[in-house]
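For the sequence shown, numbering that gives the first Met the number 0 begins at 0 and goes up steadily by one. Following: one structure in structure tokens, then a few remarks.
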Amino acid sequence: MKIRHKLVILLAVLLVILDSVLVFFVYKRTRREFVMEVREKAKLIAMELETTRNYLASALQNSKIGITEQTKYFIPAVSANAIGTKFAEKTGYIIRQTSRKYRNLFNKPDHFEDDVLRKMEENPNLLEYWSDDVVDGKRVERYLYALYVKEECLLCHGPKEKAPEFIRKNYAIGYDYKVGELRGAISVVIPKEIAERKFAENVIFFITASSVSIFMIVAIIFLTTEKLMRPIERLTTAVATISKTGDLTTKVDILSKDEVGQLGRAFNDMSTKLQSTYATLEQRIAEKTAHLQQAVLALERANKMKSEFLANMSHELRTPLNAIIGFAEVLRDKIAGDLNDEQTDFVNDIHSSGCHLLQMINDILDLSKIEAGKMELQYGVFLVPEAIDEVHTILKGLASKKHLELKTVILTEVKNIEADRVKFKQVLYNLLSNAIKFTPENGKIILEAGVMDDMLQLSVSDTGIGMKSEDQQKVFKEFWQADSSFARKYEGTGLGLALTKRIVEMHGGENLV
Numbered sequence: 000m001k002i003r004h005k006l007v008i009l010l011a012v013l014l015v016i017l018d019s020v021l022v023f024f025v026y027k028r029t030r031r032e033f034v035m036e037v038r039e040k041a042k043l044i045a046m047e048l049e050t051t052r053n054y055l056a057s058a059l060q061n062s063k064i065g066i067t068e069q070t071k072y073f074i075p076a077v078s079a080n081a082i083g084t085k086f087a088e089k090t091g092y093i094i095r096q097t098s099r100k101y102r103n104l105f106n107k108p109d110h111f112e113d114d115v116l117r118k119m120e121e122n123p124n125l126l127e128y129w130s131d132d133v134v135d136g137k138r139v140e141r142y143l144y145a146l147y148v149k150e151e152c153l154l155c156h157g158p159k160e161k162a163p164e165f166i167r168k169n170y171a172i173g174y175d176y177k178v179g180e181l182r183g184a185i186s187v188v189i190p191k192e193i194a195e196r197k198f199a200e201n202v203i204f205f206i207t208a209s210s211v212s213i214f215m216i217v218a219i220i221f222l223t224t225e226k227l228m229r230p231i232e233r234l235t236t237a238v239a240t241i242s243k244t245g246d247l248t249t250k251v252d253i254l255s256k257d258e259v260g261q262l263g264r265a266f267n268d269m270s271t272k273l274q275s276t277y278a279t280l281e282q283r284i285a286e287k288t289a290h291l292q293q294a295v296l297a298l299e300r301a302n303k304m305k306s307e308f309l310a311n312m313s314h315e316l317r318t319p320l321n322a323i324i325g326f327a328e329v330l331r332d333k334i335a336g337d338l339n340d341e342q343t344d345f346v347n348d349i350h351s352s353g354c355h356l357l358q359m360i361n362d363i364l365d366l367s368k369i370e371a372g373k374m375e376l377q378y379g380v381f382l383v384p385e386a387i388d389e390v391h392t393i394l395k396g397l398a399s400k401k402h403l404e405l406k407t408v409i410l411t412e413v414k415n416i417e418a419d420r421v422k423f424k425q426v427l428y429n430l431l432s433n434a435i436k437f438t439p440e441n442g443k444i445i446l447e448a449g450v451m452d453d454m455l456q457l458s459v460s461d462t463g464i465g466m467k468s469e470d471q472q473k474v475f476k477e478f479w480q481a482d483s484s485f486a487r488k489y490e491g492t493g494l495g496l497a498l499t500k501r502i503v504e505m506h507g508g509e510n511l512v
């Protein structure tokens, strides 16, 4: 979806939301105003009808006009009923007089009016009453306006013997009223459909006008954004083309002089500069690559020469070293004659140093063979427990000298394996001898053997000096030791674990710390 379409949709949604909020508030306010208008109109009607009643009552009392069949329409109640009937025909409002002491059945209060009249009798301050109601299945607004007995009312509602003859003949009740008491009320019933008709027309007009305005605004925005966004779309297309094809010769044709035009020209300038920079960079990369290839070849030759040198030198060193160790053993075993204690110590030092040097040379030779690709594994099937017992037998004497407990735990599923038996024992020897070297006296070393995911898993744990977390990944590095100072406490070249790692990986295994 294009950005201008998103912009138009966003603005349209915002306008609709804003318009809906405005419609809601206008609806609430307009409805409240119409209700107030209707109620004010009903109150005005009731007050005008009361004024008419009072005027007619005063006129009858002061003019001394006799009440006859011809003049009965000047009676306030009769004239008010006639006015209410005519008003109902014109407006649809129902206006009538009601009283709990009614003379005519027309004035008999309904349930709602009777309830309100009782409240007005109990509370003299309740002069008017508004409420919603349902009459004949229609929702209506009901209004009662209290009427109190005045002096003029006593002409017809005073003592019966003083009432006009016409009144006495036609009405048997409704006498002995007192000034100031509640006479009844003017009841106004307004169907809500009459009040809501005009209200609905105004709301519909507002919604229609708002909808038309929203449509016009969205149309204007769409046409305007299409003109403004088209250059940006061309710029976006050019950027996408460059990112997909890498063609830096792509240009954007924007002729406008506004900010978008400036952006397009800046893009073209950037593309040209990038093209030049890219060509220069490719040339430099080619030169650096050639130099790097030459350096790699030189390093490969140097590494090969180093491995061959170490292999040859290790081989040449082992012959005289084996002779030194052999003659030291002859002297130590006193085959050539007795030695004193000091000479015996010297011979033992020569023998142990020679063995240590031979082990280091053997490790260097094996590592050199692996790096040179000349190490070949002699695969065969053998029992793992037997190989572990052999290594355990060799090292248990070394462990007992430091009073170490060397324990092996071999699970029942560990049986035979196809591997190089000699190299397998070399791995065990390196791991266990390393643990013996770094475990203080009276410590404990445990070798566990098990099967996981159809692979043999060997685990060596000890109560030794431990290792820092940052050194754990360096432990298999050639010639690396945690303490590399000349005065370090523990001897070694740092090749044992490195060689172990290479042998395990040659078997397709993995080393973990």
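Don't be surprised by glycine CBs; every beta carbon is placed ideally from N, CA and C.
query                                                                                                                                                                                        : result
If contacts are defined as beta-carbon pairs under 8 angstroms, then Leu427 and Val390 qualify, I think. What distance do you get, rounded to the angstrom?                                  : 4 angstroms
Note down, in chain order, each residue of its chain lying with its Cβ closer than 7 angstroms to the Cβ of Asn433, except the 5 sequence neighbours on either side.                         : Gly495, Leu496
Have a look at Lys395 and Leu431 and give me their C-alpha separation to the nearest angstrom.                                                                                               : 10 angstroms
Where does Gly179 land, buried or exposed, given buried means 16+ other C-beta within 10 angstroms?                                                                                          : exposed
Do the stretch 338-355 and the stretch 376-385 meet, that is, are 3 or more Cβ pairs less than 8 angstroms apart?                                                                            : no
Cα-Cα, which of Ser78, Lys414, Ile74 is closest to Ile94?                                                                                                                                    : Ser78
Evaluate contact between the stretch 69-76 and the stretch 39-58, counting only Cβ atoms and requiring at least three cross-stretch pairs below 8 angstroms.                                 : yes
What's the call for Pro108, buried or exposed, on a 16-neighbour Cβ count within 10 Å?                                                                                                       : buried
Can you confirm whether the stretch 83-90 touches the stretch 161-177 when touching is taken to mean that 3 or more C-beta pairs between the two stretches lie within less than 8 angstroms? : no
Contact defined as beta carbons within less than 8 angstroms: I believe Lys422 pairs with Ile502. What is the distance between those atoms, to the nearest angstrom?                         : 5 angstroms
Inspect the beta-carbon positions of Pro163 and Ile66 and report whether they are closer than 8 angstroms.                                                                                   : yes
Taking the alpha carbon of Leu59 as the reference point, which residue from Phe24, Glu150, Phe105 has its own alpha carbon closest?                                                          : Glu150
What is the DSSP secondary structure of Pro319, reduced to helix, strand or coil?                                                                                                            : helix
In the DSSP output, which residue or residues are listed as bridge partners for Tyr144?                                                                                                      : Glu127, Ile185
Are Phe105 and Arg141 touching if we call contact CB-CB under 8 angstroms?                                                                                                                   : no
Excluding five sequence neighbours on each side, which residues of the same chain lie with their C-beta closer than 8 angstroms to the C-beta of Phe386?                                     : Going by the sequence as given, residue 386 is Ala instead of Phe. Excluding residues within five positions, the ones whose Cβ falls inside 8 angstroms are Arg420, Phe423, Lys424, Leu427.
Given a threshold of 16 other Cβ atoms within 10 Å of its Cβ, counted over all protein chains shown, does Lys500 qualify as buried or as exposed?                                            : buried
Within a Cβ cutoff of 7 angstroms, which residues of the same chain sit near Leu330, ignoring the five residues on either side of it in sequence?                                            : Leu338, Val346
In three-state terms, what does DSSP make of Leu330?                                                                                                                                         : helix
Alpha carbon to alpha carbon, how far is Leu14 from Asp135? Give it in angstroms, no decimals.                                                                                               : 43 angstroms
Which same chain residues, not among the five before or five after Ile445, have their C-beta less than 6 angstroms away from its C-beta?                                                     : Lys406, Ser460
Would DSSP call Leu446 helix, strand or coil?                                                                                                                                                : strand
Less than 8 angstroms between the CB atoms is what I'm expecting for Ala184 and Met119, so what's the real figure, rounded?                                                                  : 7 angstroms
Of all the options Asn510, Val408, Asn429, which has the alpha carbon lying nearest to the alpha carbon of Ala448?                                                                           : Val408
From the DSSP output, in three-state form, read off Thr97 for me.                                                                                                                            : strand
Does any heavy atom of the ligand NAD sit closer than 7 angstroms to the C-beta of Pro163?                                                                                                   : Inclusion of the ligand NAD in the displayed structure is not the case, the ligand content being empty and no account of it being possible.
Would you grab the beta carbon distance between Arg182 and Ser62 for me? Rounded to a whole angstrom, and I think it's under 8 angstroms.                                                    : Not quite, the Cβ-Cβ distance comes to about 22 angstroms (not below 8 angstroms), so this is no contact.
Output yes or no for whether 8 angstroms exceeds the beta carbon distance between Tyr176 and Val148.                                                                                         : yes
Which value, in whole angstroms, describes the spacing of the CA atoms of Ile213 and Pro123?                                                                                                 : 55 angstroms
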